[in-house]
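In our numbering, the protein residues as written are 1 to 186. Here's the structure, in structure tokens; my notes come after.
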Ligand code: FES
């Protein structure tokens with residue numbers, strides 16, 4: 001009887017220890033399954049838009065992709081209507097800003113920096129204010145609109161949300177949703 005109760009106590013104690021161990025290892029396993037806080041945060045990239053200079057291309061990174069940020073100068077904004085007419089064949093005096101993102105008083109081209117033909121990274125020429133994709137000669141203007149084939153469309157715009165003077169990539173704000181609805185980006 002005494003032995004039995006002793007075995008019973010030992011069994012319970014062992015069971016309790018094993019239970020704690022199992023919970024601890026389950027916890028450790030769960031921890032390793034959960035994404036780290038920094039990985040979760042890596043889905044978003046916050047850009048301080050006041051840091052960019054006019055007609056100076058900066059390549060940022062979002063979810064492993066290059067992101068082109070090009071702040072527009074007054075001259076660039078003034079010539080965009082002309083570029084548009086070259087592409088569409090229509091004469092237009094109005095400045096086409098539909099692909100641009102307005103943050104504060106400034107306009108920015110913010111696109112995924114991968115050619116929509118086969119995914120090469122186009123280079124920017126600040127004098128010509130245009131992008132050339134060296135792979136097959138595709139070209140884009142300084143708003144990311146395609147000006148020479150083979151790319152089938154302009155540079156894609158990543159999901160974004162305007163928050164004060166910053167742009168959060170990875171969040172879909174109303175301006176981005178409108179661009180998607182109107183077919184400006186995929
Ligand atoms: S990948 Fe850019 S033109 Fe073909």
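Just so it is clear, CB atoms sit at the ideal spot from N, CA and C, and this is done for glycine as well.
Check: DSSP beta-bridge partners of residue 106; Outcome: 103
Check: Start-to-end residues for the beta strand (DSSP E) that takes in residue 60; Outcome: 58 to 62
Check: Inter-residue Cα distance where the pair is residue 91 and residue 183; Outcome: Since pLDDT at residue 91 reaches only 46, below the 50 mark, its modelled position is unreliable, and the value read off the structure follows with that caveat. C-alpha separation (whole angstroms): 21 Å.
Check: Residue 76 to residue 69 span [Cα, whole Å]; Outcome: 14 Å
Check: Local conformation of residue 79 per DSSP, three classes; Outcome: helix
Check: With 16 other Cβ atoms within 10 Å as the buried cut-off, status of residue 99; Outcome: buried
Check: Environment of the ligand FES in chain order, Cβ to heavy atom below 7 Å; Outcome: 115, 117, 118, 119, 120, 122, 133, 135, 136, 137, 138, 150 and 151
Check: Rounded straight-line distance, which links the Cα of residue 72 to that of residue 50; Outcome: 13 Å
Check: Bounding residues of the beta strand (DSSP E) (the contiguous stretch that carries residue 179); Outcome: From DSSP, residue 179 is part of no beta strand (DSSP E) but of the alpha helix (DSSP H) over 174 to 181.
Check: Cutoff 7 Å; reference residue 60; Cβ partners in own chain excluding five residues on either side; Outcome: 45, 47, 67 and 69
Check: For residue 108 and residue 57, believed in contact at Cβ under 8 Å, the rounded distance; Outcome: The Cβ separation is near 11 Å, so there is no contact.
Check: Alpha-carbon spacing of residue 136 relative to residue 143, whole angstroms; Outcome: 20 Å
Check: Beta-bridge pairing of residue 44 - partner residues as DSSP gives them; Outcome: Answer is none; residue 44 lacks a bridge partner.
Check: Reduced DSSP secondary structure (H/G/I, E/B, other) of residue 74; Outcome: helix
Check: Residue nearest to residue 53 in terms of C-alpha spacing, selected from 126, 111 and 118; Outcome: 126
Check: Beta-carbon proximity check, residue 65 vs residue 114, cutoff 9 Å; Outcome: yes
Check: Beta-ladder partner(s) of residue 166, from DSSP; Outcome: 48 and 163
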